[in-house]
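Heads up, the sequence shown is in the numbering used here, so the first residue is 4 and it goes up one at a time.
A virtual CB, placed ideally from N, CA and C, is assigned to each residue, including glycine.
This structure is a prediction, so every number in the text was calculated from the model and none was measured.
Have a look at the structure below, then the notes.
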Amino acid sequence: MKLSELKTGERGVIVKVLGHGGFRKRIVEMGFIKGKIVEVLLNAPLQDPVKYKLMGYEVSLRHNEAEMIEIISVEEALKTDSASKTDNHILSSTADEDDTPGTVKQLREAAMKKRRRINVALVGNPNCGKTSLFNFASGSHERVGNYSGVTVDAKEGYAEFEGYEFNLIDLPGTYSLSAYSPEELYVRKQIIDKTPDVIINVIDSSNIERNLYLTTQLVDMNLRMVCALNMYDEFEARGDKLNKEVLGRLFGVPMIPTSFKTGRGVDLLFHIIINLYEGVDFLDKDGNITPEVADDIQNWHKNYENKHDHNHAEDFAHGTKPNTVFRHIHLNHGRIIEDAIDTIKEELQKDEQIRHKYSLRYLSIKMLEHDSQTEEVISMLPNAEKIKQVRDSQAHIISREMNEDSETAIMNAKYGFIYGALKEAGYEEGKKNDIYQTTHILDKIMTNKYFGFPLFLFVIYVMFYTTFSLGQYPMDWIESVINALGNLINDNMAEGPLKDMIIDGIIGGVGSVIVFLPQILILYAFISFMEDSGYMARSAFIMDKLMHKMGLHGKSFIPLIMGFGCNVPAIMATRTIESRRSRLITMLILPMMSCSARLPIYIMITGTFFATRYQAPVMISLYVTGIIMAVIMSRILSRWIIKGDDTPFVMELPPYRFPTAKAIGRHTWEKGKQYLKKMGGIILVASIIVWALGYFPHNSALTEQQQQEQSYIGRIGKFIEPAFRPQGFDWKLDVGLISGVGAKEIVASTLGVLYSGDGNMEDSSKYTSLYEKMTDDGITPLTAYSFLVFVLLYFPCLATIAAIKNESGSWRWAGFAAIYTTALAWIVSAAVYQIGSLAV
Ligand code: GDP
Ligand code: MG
C-alpha cells in the first residue's frame, strides 16, 4: 500500500520510493529508506502536510508525496507467512524499533520480499525489438513485426531472475516523447503515472544515432534506466565500432549489448537492472554507495556469482565505490538554452504540487518546446500565468540569439549531443557485410521510380490470386464438413423450432461465413509476410504520393489493403497513422474496401446473372468501384469535413529482413482471431435474429417462400420496398440488404432462402434454377448489378461500426460512417440502374 493510506497511529515498513530520480533522492535523504519503520503521527483528512515519525525523528510530507512511497503495513505483514504467528508487540504503537527486534525483523522481511518485485517498462523506437525482449523474458507470445507501430497497447508480462520478480510492460514504439502522436502521449503517461521502477530503453544499435534521440529525452525525465543495445548481431556483422562503456558513461546509463532474437545479453541486462534498482538511490556525489546497501547487494550477489556473464563493470557488488556509469546527467543544450531552462525552473520551483511527479528540468524543457500537454499540466498551477510569461520571454531570447525557434533549437542541441557522444565513444559505421547494403540494393529495385509501382501491383495481384485459388480447396473441405454436420443434426434431432434454428440459423448463418476463414488466413499470411519483411513499409512509401493526393498518408495504405480481408482488423490497424486527421479519414473510407464477407454475394449473383466469361470482369469492376468511391470520399472528407493540418513525420524504412515462419504464423493467427471472434459474436447473434425474423410468425402449412413472405422480415422488406424503387429492387432483395446489417455474409444465405428455400448457394449447379426464379420475379442483370453496387457500398456491418466507434472514440463518427455509406450506396446504385435503363 501507499504511505498516504496509513492512518494516524499506524505503522509500516518502507518498501520503495517511486517516481523520478530527483524526487527519490530528496525522499531518501529525508530518511525514507527501504526497510525503515515509519509511524504516522498525524494524518487528518484534508490536512496537508502529514506528520511522520521515522528513526526517532519527526518529518512531514505532503499527501501527494506520501502517495509515491510504497510501504507494507503491519496488517499486511501479518498476512504473509513469515509473520503468521500473531505477536502483540508488533501492534503496539509504543514499541520502538530496538525494543522488539524479532517482530521488527519480520516486518522488514515482509517489506524486503515485496521489494523484490520490480516494475519494468520497455521503451524504444518502433521496431527496435521491445516485443522480442518481452516475449523472450516473459515467455509470452506477443506479436513481433518488422513494421513500425505493431505494438499499440501496453502488454504486461512476468519474469523471474536471480531472486527477483519482474513485471514487464511492453509499451508502443515512439521516436520521441513530444506530445505529437497518441503513442508518445501514452508512453509519457505510463512513465509518469504508472511510475515504473526501471525503464529499459531498447535501442536498435544498427540505427543508433536516431534511436538515442529518445534516450536523451528519457534522460531529461531523470529515470532509473538501462539501455539495451539491441540488434547487436547486425551491428557486429556490419563491422560497426563503438566503445559502449564510454557511451554509457556519457549518458549516465549502462549500455548492454543484446540480441533479443537469440537472447544474448538478456541475463546481464536483468542483472544490471537489479543492481540499479537496489543501489542507485544510495550513491553520493562521488559515486560511493551507502555501506549498508552495499552489504545487501553483495550478499545477494554471492548467490548468483557464477550465473551470469562476468564481463561487466556496471554492478555494485564489488566494493563501496562501485562504478562511474550510473549518474543523472544534465544533457547540455548549450549556454543559451540552459540559461532559459534554469530561469523557467526557478519559477516552477515555487510550486509544490507537481514536483513529486515531474522532474522540473524536464518540465522546463517541455515548456520551451511548447509542449501542449505540459502546458495543460502547468495551467493547473496557481502561478501558471507567470510561468508562461517567463517561458515566452525565454523562448524569445532563444529565437533571437540562435535564429531558430526554441523547439528546433532544443532538438538540434540533442542531436548535437548524440553526435558528439558517438564521436567520443569512437563510433564508426562498418562497411563489412552491411545488412543495409542488401536493403539499399533491394530498395533500388523495389522503390524504383519506374519498376516500383508495377512490381507492387504484381505483388498485390499474386496475393489476391493465390488467396482465392489456393483458398478454394480448404474452403470446399470446410463446406463439406458443415454440410455433414447439418445433415447429422437433421437426421438425429426432433422436429421443432430449435432444430430449425440450429440448422438454418446457426449452421446456415455461421457456416456460410466460416468457409471463408482459409482465404482470410491466406490473405493475412501474405500481409504478415509483407509487414515482417519490410516490404509493406515500402509499399506505403511507394503509395505515399498518391495517398497525399487523396488527403491521406502513405501509412493509410496498409490498413486499406487489409480492408480487403476484413474491415475490423483494418480499422484497428489505422492506429499506426500519427495524424489523427488522416487516421479518421482512413477509417471512414475503409468500408469501401470490399471485404471478403461480400464475396459470397458477388459469387452468387455474378454466377447467376453473368456468364462465366463476364463473371471475373464484373467482380473486378466492383472492387474498382469501391476504390474509386474511396478516393472520391477521401477527397471530399479531407477537403470539407475533417479539417486540420497534416503533421509531417518520418516514413520509417526498416531494413529488409527475412521473417521467420513462426512470426508469420503468430501474426496471421492474431488477425484471424479477430475474424473468428466476430463470427462467434456478432455473426452468430445476427444469424439467429435474421432466422427468427424469417421464422416467426410461423405457419408450417406454408411453403418456405410463402413463410418468408408473411414473416416479420418479409413484412419489413415489403414496407421498405418503395425506398428502393429507383434501384429496381424487389422486397426480397431488400430483405437481403437488411439481413446484411449484422454481417454481409448473411445477405447471400438470406437470398438463398428467399428464392429457393435453400440457404446454401455456393454450389454452382444451383445457379440455373436460381436464375429462373429470380428472373421470374423480374430481376434483370442490370438490377442485379446495381444490387451488387449497393452491397459493396452500404452500411459495412455492425462489427465495423463498433470498431470505428472504439478507434475514433465517439459514436459521432461511427454514426456518420453508417449513414454516409448507406446514402452513397443508395445514390450510386440508383444512378447505375437509371442510367443503365436508359442505355438498354
Ligand atoms: P518492437 O516494435 O520494438 O516491439 O520490435 P519487435 O520485437 O516487433 O522486433 C522487430 C523485428 O526485429 C522483428 O522482426 C524481430 O525478429 C527483429 N529483432 C528483434 N531483436 C533483434 C535482434 O537482436 N537482432 C536481429 N537481427 N533482429 C531482431
Ligand atoms: Mg512491439
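Exercise for the section: Tell me whether Asn406 counts as near ligand 1, meaning its Cβ is closer than 6 Å to at least one heavy atom of that ligand. Expected result: As a first step, residue 406 must be located in the sequence shown, where it is residue number 403. Not so, every heavy atom of ligand 1 lies at least 6 Å from the Cβ.
Exercise for the section: Within the stretch 419-471, note down every full beta strand (DSSP E) run reaching 3 residues or more, in order along the chain. Expected result: Counting only runs that start and end inside the stretch 419-471, there is no beta strand (DSSP E) element of at least 3 residues.
Problem - Cβ-Cβ separation, Tyr235 to Pro260 (assumed contact under 8 Å), whole Å - result: Taking the first residue of the sequence shown as position 1, residue 260 is located at position 257. Taking the first residue of the sequence shown as position 1, residue 235 is located at position 232. The pair is a contact, with the Cβ atoms about 4 Å apart (cut-off 8 Å).
Handout entry: Test item: CB-CB of Ala540 and Lys747 under 7 Å
Key = Here residue 540 refers to the residue found at position 537 when the sequence shown is read from its first residue. Here residue 747 refers to the residue found at position 744 when the sequence shown is read from its first residue. Not in contact: Ala540 and Lys747 (Cβ atoms no closer than 7 Å).
Practice task
Return the first residue and the last residue of the alpha helix (DSSP H) that Asp547 is part of.
Solution key: Start at 1 with the first residue of the sequence shown, and residue 547 comes out as number 544. In the DSSP assignment, Asp547 falls within the unbroken alpha helix (DSSP H) covering Tyr538 to Lys552.
Handout entry: Reference Ala846; option with closest CA among Leu125, Val835, Ile667 and Glu388
Key = Missing from the structure shown is residue 846; the chain here goes from 4 to 843 and no further.
Exercise for the section: Tell me whether Gly132 counts as near ligand 1, meaning its Cβ is closer than 6 Å to at least one heavy atom of that ligand. Expected result: Within the sequence shown, numbered from 1, the residue matching residue 132 stands at position 129. Yes, the Cβ of Gly132 comes within 6 Å of a heavy atom of ligand 1.
Handout entry: Residues of its chain near Trp829, where Cβ-Cβ distance is below 6 Å and the 5 sequence neighbours each way are ignored
Key = By 1-based counting over the sequence shown, the position of residue 829 is 826. Spatial neighbours of Trp829 in its own chain (CB-CB distance under 6 Å, excluding positions within 5 residues in sequence) are not present.
Exercise for the section: Below 8 Å on the Cβ atoms is my guess for Leu740 versus Val750; work out the distance and round it to an integer in Å. Expected result: On the sequence shown, position 737 is the one that residue 740 refers to. On the sequence shown, position 747 is the one that residue 750 refers to. Contact between Leu740 and Val750 holds: CB atoms are separated by about 7 Å, below the 8 Å threshold.
Practice task
Check whether the Cβ of Ile175 lies closer than 6 Å to any heavy atom of ligand 1, and answer yes or no.
Solution key: Walking along the sequence shown from the start, residue 175 turns up at place 172. Reading off the sequence shown, one finds Pro at residue 175, where the question assumed Ile. The answer is no for Pro175.
Problem - Cβ contact check for the stretch 114-134 and the stretch 265-283: 3 or more pairs under 8 Å - result: Enough Cβ pairs lie closer than 8 Å, so yes.
Exercise for the section: Please specify which runs of the alpha helix (DSSP H), each continuous and at least 4 residues long, are wholly inside the stretch 219-252, giving them in chain order. Expected result: The DSSP assignment places complete alpha helix (DSSP H) segments of no fewer than 4 residues inside the stretch 219-252 at 235-240, in order along the chain.
Exercise for the section: Check whether the Cβ of Phe263 sits closer than 6 Å to any heavy atom of ligand 3, and report yes or no. Expected result: The model depicted lacks ligand 3 and carries ligand 1 and ligand 2 instead.
Exercise for the section: Go ahead and pull the three-state DSSP assignment for Glu748. Expected result: Locating residue 748 in the sequence shown gives position 745, counting from the first residue. If DSSP states are grouped into helix, strand and coil, Glu748 belongs with the helices.
Practice task
Have a look at Ile574, Gln710, Pro175 and Met553 and flag the residue whose alpha-carbon is nearest the alpha-carbon of Ala817.
Solution key: Here the question's residue 817 lines up with position 814 in the sequence shown. Nearest C-alpha to Ala817: Ile574.
Exercise for the section: Indicate, with yes or no, if ligand 1 has a heavy atom lying under 6 Å from the CB of Asp236. Expected result: Within the sequence shown, the letter at position 233 stands for residue 236. Because some heavy atom of ligand 1 lies under 6 Å away, the Cβ of Asp236 counts as near it: yes.
Practice task
Determine the extent of the alpha helix (DSSP H) in which Val571 is found, giving its start and end residues.
Solution key: In the sequence shown, residue 571 corresponds to position 568, counting from 1. Counting along the chain, the unbroken alpha helix (DSSP H) around Val571 starts and ends at Asn570 to Ala576.
Exercise for the section: Could you tell me which residues DSSP puts in a beta bridge with Pro260? Expected result: Along the sequence shown, read from residue 1 onward, the residue named residue 260 stands at position 257. Pro260 pairs with Leu232.
Problem - Same chain, Cβ closer than 7 Å to Leu555, neighbours up to 5 away in sequence not counted - result: For the purposes of this step, residue 555 is taken as the residue at position 552 of the sequence shown. Correct list, in chain order: Ser585, Ile588, Thr589 and Ser637.
Exercise for the section: Take Met33 and list the residues in its own chain whose beta-carbon comes closer than 6 Å to its own, dropping the five residues that flank it on each side. Expected result: As a working mapping, residue 33 is identified with position 30 in the sequence shown. Once the five neighbours on either side are set aside, the close Cβ partners of Met33 are Val62.
Handout entry: Residue interval of the beta strand (DSSP E) (run including Asp207)
Key = Walking along the sequence shown from the start, residue 207 turns up at place 204. Element bounds for Asp207: Val201 to Asp207.
Exercise for the section: List the endpoints of the continuous beta strand (DSSP E) containing Gly127. Expected result: For this step, residue 127 is matched to residue 124 along the sequence shown. It spans Arg120 to Gly127 - the beta strand (DSSP E) in which Gly127 sits, taken as one unbroken run.
Problem - Paired residues, beta bridge with Glu168 - DSSP - result: For this step, residue 168 is matched to residue 165 along the sequence shown. DSSP output for Glu168 lists Arg120 and Glu163 as bridge partner(s).
Exercise for the section: Would you give the residue range spanned by the beta strand (DSSP E) that Lys848 belongs to? Expected result: Because the chain in this structure spans residues 4 to 843, residue 848 falls outside the shown range and cannot be described.
Handout entry: Candidates Ala497, Gly511 and Pro294, of which the one nearest Val484 by Cα
Key = Within the sequence shown, the letter at position 481 stands for residue 484. Comparing Cα positions, the closest option is Gly511.
Practice task
Return yes when the C-beta of Pro129 is under 6 Å from any heavy atom of ligand 1, and no when it is not.
Solution key: Your numbering for residue 129 matches position 126 in the sequence shown. Because some heavy atom of ligand 1 lies under 6 Å away, the Cβ of Pro129 counts as near it: yes.
Exercise for the section: Alpha carbon to alpha carbon, how far is Ser840 from Lys133? Give it in angstroms, no decimals. Expected result: As a position in the sequence shown, residue 133 is number 130, starting the count at 1. As a position in the sequence shown, residue 840 is number 837, starting the count at 1. Between Lys133 and Ser840, the alpha-carbon positions lie close to 59 Å from each other.
Exercise for the section: Can you have a look at Ile623 and say buried or exposed, based on whether 16 or more other CB atoms are within 10 angstroms of its CB? Expected result: Mapped onto the sequence shown, residue 623 falls at position 620. So Ile623 counts as exposed.
Exercise for the section: Determine the extent of the beta strand (DSSP E) in which Lys54 is found, giving its start and end residues. Expected result: Taking the sequence shown and counting its residues from 1, the one referred to as residue 54 is at position 51. If you look at Lys54, you'll find it in the beta strand (DSSP E) that goes Val53 to Leu57.
Exercise for the section: With a cut-off of 8 Å on the beta carbons, I'd call Glu372 and Ser181 a contact; round off their distance for me. Expected result: Mapped onto the sequence shown, residue 372 falls at position 369. Mapped onto the sequence shown, residue 181 falls at position 178. About 7 Å separates the two Cβ atoms, so the contact holds.
Handout entry: Cα-Cα separation, Val153 to Tyr189
Key = Numbered from 1 along the sequence shown, position 150 holds the residue referred to as residue 153. Numbered from 1 along the sequence shown, position 186 holds the residue referred to as residue 189. Below a pLDDT of 50, predicted positions are generally treated as unreliable, and Val153, at 43, falls in that range; the measurement from the model is reported next regardless. Taking the straight line from one Cα to the other gives about 15 Å.
Exercise for the section: Using beta-carbon positions only, say whether Cys131 and Val205 come within less than 7 Å of one another. Expected result: Residue 131 sits at position 128 when you count from the first residue of the sequence shown. Residue 205 sits at position 202 when you count from the first residue of the sequence shown. It is a contact, given that the beta carbons lie within the stated cut-off.
Handout entry: Separation of Lys360 from Ile17, as counted between CA atoms
Key = As a first step, residue 17 must be located in the sequence shown, where it is residue number 14. As a first step, residue 360 must be located in the sequence shown, where it is residue number 357. Their backbone Cα atoms lie some 19 Å apart in a straight line.
Practice task
Measure the alpha-carbon distance for Glu13 versus Val393 and round it to whole angstroms.
Solution key: In the sequence shown, residue 13 corresponds to position 10, counting from 1. In the sequence shown, residue 393 corresponds to position 390, counting from 1. When only Cα atoms are considered, Glu13 and Val393 end up about 44 Å apart.
Handout entry: Separation of Pro662 from Gly537, as counted between CA atoms
Key = Position 534 of the sequence shown, counting from 1, holds the residue named residue 537. Position 659 of the sequence shown, counting from 1, holds the residue named residue 662. Straight-line Cα distance between these residues: approximately 9 Å.
Problem - Closest by C-alpha distance to Asn170, when choosing among Val123, Val201 and Leu445 - result: To locate residue 170, count along the sequence shown from 1; it is residue 167. Looking at the Cα atoms, Val123 is the closest of the given residues.
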